[in-house]
Amino acid sequence: MITLLAILAAIQALGVTPGLAATPLAPSHEAAWQNGFQIFNSIHSAMRQWGSSLNHNGMAFIPVTIPRGSLFYHGTHRNRTAGPPSGPEWLAFEIEHSEGFAFSQRFNDTDLDGEHVLDVPTYPGPGSQVVLGRSPDEGIHHISSEKAIRGYLHTYRANRDLKLLYVDGSSAGKSTMGTLDTQDMVLRSLNDSCDGKPAWDERDRAEDLCNLVSAWGYDGIVRMEIGFEIIYCNFSSGLDLLSMLRRPFFGQPGGGAEPARFIFQFARAITQRYDGFDSNRVKLDFSRMVSAYFYPVNLTNPNPEARELPRLSSTTSTERKAIRSRVIENSPQDASPSIEWQSIVDMIVSRYRDRLAMMISPSVNPDRFIQEIFEVTNTHVEYPETPEDINSESHAVGDNDDLQRCITHYLQPTYPFQDSFTQEDKLIHTAIMAVTTRVCEALFNARKLIRDAYLHFYQNPEHAEHLGSTGFIPEVAQRSQKLIIELANDLQWTDWNKCRG
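Positions -21 to -1, 1 to 480 (mature numbering (1 follows the signal peptide of the UniProt record, and there is no 0)) are the ones given, in order, by the sequence shown.
Laid out in structure tokens, this is it:
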């Protein structure tokens, strides 16, 4: 079995110095190894709606580049002559996302009660949700005499590459469950998430974040809730306004869709991002990713019913300051990321996801299970030499070599770039190796269990007649399956929660 000590020794041989918690606090390869499953899943879910919704308490900050020419949308009630927003505002990746904030609506006299008009229902109806945190210059508090709200849909185009900081998980989720921890407790240096203010105090949050990240060289923040959004800090830099279109009133012939129908339109648009964006639209720089999982800190959730979700509640201000300092150090740089780590993770998931799902199924046929174990491991096995071999070169054959080939197989594309690895590249490498080690050990242990059982029968002729009995194969398959079930429980791949047709 590959031990943590052996892995860390190998890392050190590559010129990486692992370290335990130190003063000042520094990233640790021990922490990256121990949190390997979480780091792996964070990379896999980055800028993807599905995984980021399930693992909604994100712990990572990733620099993002959005190419020149990209389109974005902004829904508003600002007067048409007012032009683009004068301060931080929200941009959406999807048209329907912004349409929800650009609705037009007429009111009866009884609907207008002064300042309350500012909190206009996005989807009219009893108990409807309200749009909160609108900027002071939205202008909708001036419509009481008109008894109507006119919405506008802005379309913007990036006139240069945009540098943004992506905060992973459901970081736009206005909740006290931990979705705002990284923004409030790390970036904003608050003592706790929201710091006693309502979670939906988005205006102050946006202004604070923009004051910070603008000084670090970013144009804004990328977040996700129901869809991905950008808190863009300065609309006069980096964006061209292409259009500002009046939106129709609800019920107007040929106008706005019924609220219920619009929600389905919105949902359809969002589900297109379950598996992320085209790689040319959002470029993630994992080589400068900063994750709380890289650090030897306590991320335990104080809520006993949500232990699987991390929180920063138990970290100290000194620890959070160290993480924040690294985020600042990794501010936008011209150098391109050396490794597409999400592609590496995707290859590993696509290789094993469906195979493992089949193997842990209660209804899997025992013969099929055993066959799958051998098929998925045979790739890495060097079989003994025979007289028929064309290649007469002798090689030592060992189970450990087979296991090592399995562990490092999908990391091989990264090794030509090892000399240019950033500190974060090295930590991610450690985390992914922790996962591939766990996967390959489980598969090869299951293989050995099956192989040893077969060898026992072959080496004991008196038992050979029972080899094909109905009891032997199901029994050995069941024992092996337990190893794979334990593996799947450790991996917690979010793709397994998707509905399959």
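Using N, Cα and C, we set each Cβ at its ideal position, and we do this for glycine too.
An exposed status is given to histidine 435, since fewer than 16 other beta-carbon atoms sit within 10 Å of its beta-carbon. When the five nearest sequence neighbours on each side are left out, the beta carbons in the same chain lying within less than 8 Å of the beta carbon of aspartate 171 are those of Asp163, Met164 and Ser292, in order along the chain.
Nearest neighbour of isoleucine 209 by Cα position, chosen from Ala10, Asn379, Ser7 and Gly54, turns out to be Gly54. Each of Met412, Pro46 and Val269 was checked against the Cα of asparagine 138, and the nearest Cα belongs to Pro46.
Approximately 7 Å separates the beta-carbon atoms of leucine 143 and isoleucine 200; this is inside 8 Å, confirming the contact. The DSSP assignment places complete beta strand (DSSP E) segments of no fewer than 3 residues inside the segment 215 to 269 at 218 to 225, in order along the chain. Relative to proline 67, the option among Asp198, Arg430 and Ala127 whose CA is nearest is Asp198. Going by beta carbons, serine 266 and threonine 401 fall inside the 8 Å limit. Between isoleucine 41 and methionine 268, the C-beta spacing is below 8 Å. Shortest Cα-Cα distance from valine 455 to any of Ile352, Arg417, Val414 and Glu181 involves Ile352. Closest by C-alpha distance to arginine 129, out of Ser154, Ala178 and Gly79, is Gly79. Between tyrosine 145 and glutamate 181, the alpha-carbon positions lie close to 17 Å from each other. The DSSP assignment places 320 to 338 as complete runs of the alpha helix (DSSP H) inside the segment 305 to 341, in order along the chain (cut-off: 4 residues). DSSP places tryptophan 195 in the coil class of the three-state scheme, outside both helix and strand. Beta-bridge partners assigned by DSSP to isoleucine 452: none are found. Here the alpha carbons of lysine 427 and proline 453 stand approximately 16 Å from one another. Distance from the CA atom of glycine 30 to the CA atom of proline 363, rounded to whole angstroms, is 43 Å.
Nearest neighbour of aspartate 398 by Cα position, chosen from Ile318, Tyr389, Gln460 and Pro366, turns out to be Ile318. Taken through DSSP and simplified to helix, strand or coil, valine 343 comes out as coil. Around serine 459, the same chain offers Ala425, Leu428 and Ile429 as residues with beta carbons nearer than 6 Å, after the five sequence neighbours per side are excluded.
With contacts defined by Cβ atoms closer than 8 Å, tryptophan 12 and threonine 409 form a contacting pair. For the 8 Å CB-CB criterion, leucine 470 and phenylalanine 273 do not form a contact. Of the residues Asn282, Ala285, His359 and Leu141, the one whose Cα lies closest to the Cα of serine 216 is Leu141. For leucine 33, the enclosing alpha helix (DSSP H) stretches over residues 28 to 33. Per DSSP, the continuous alpha helix (DSSP H) segment holding tryptophan 12 begins and ends at 8 to 13. Between leucine 278 and alanine 271, the CB-CB gap stays under 8 Å. In this structure, the straight-line span from the alpha carbon of methionine 412 to that of threonine 387 is close to 7 Å.
As the crow flies, the alpha-carbon of arginine 247 is around 22 Å from that of asparagine 259. Under the three-state reduction of DSSP, glycine 54 is assigned to strand.
Under the DSSP definition of a beta bridge, phenylalanine 207 partners with Met203. For aspartate 187, the closest alpha carbon among the candidates Ser24, Leu33, Pro366 and Ser168 is that of Ser168.
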